[in-house]
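Colleague: In the working numbering, the protein residues as written are 45 to 118. Positions of the beta carbon are idealized from the N, C-alpha and C atoms, including for glycine. It should be emphasised that the depicted structure is a prediction, and the values quoted were computed from it without experimental measurement.
1) Mind reading off the beta-carbon distance from residue 71 to residue 87? Whole number of angstroms is fine, and I expect it under 8 angstroms.
2) Excluding the 5 residues preceding and the 5 following residue 68 in the sequence, name in chain order all residues of the same chain whose CB lies nearer than 8 angstroms to its CB.
3) Name the residue from 81, 80, 79, 106 whose alpha carbon lies nearest to the alpha carbon of residue 92.
4) List in chain order: all unbroken beta strand (DSSP E) runs of 3+ residues lying wholly within the segment 60 to 101.
5) Between which residues of its own chain and residue 58 is the CB-CB distance below 8 angstroms, once the five residues before and five after are set aside?
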């Protein structure tokens with residue numbers, strides 16, 4: 045379970061969110077290579093990189109500038 049009361053964990057999700065001994069938020073999940081612990085920042089970076097590769101493949105060049113807007117009601 046998460047130590048942060050603001051994070052609601054759905055038991056159907058395939059990961060857990062916890063703070064490590066240094067107080068850093070970690071996401072624990074299983075991969076085909078075993079268990080992994082990563083920060084949310086790392087996972088967002090992986091997602092953005094994947095999206096940029098998909099855009100590059102679609103428009104046939106890598107954009108120089110990308111604007112990302114996140115809502116606060118998700």
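Modeller: Considering the structure as presented:
1) Translated into positions along the chain shown, residue 71 becomes position 27. Translated into positions along the chain shown, residue 87 becomes position 43. With a Cβ gap of about 6 angstroms, residue 71 and residue 87 count as contacting.
2) As a position in the chain shown, residue 68 is number 24, starting the count at 1. 83, listed in sequence order.
3) To locate residue 92, count along the chain shown from 1; it is residue 48. Residue 92 has its Cα closest to that of 106, out of 81, 80, 79, 106.
4) 69 to 75, 78 to 82
5) To locate residue 58, count along the chain shown from 1; it is residue 14. Here the set comprises 73, 74.
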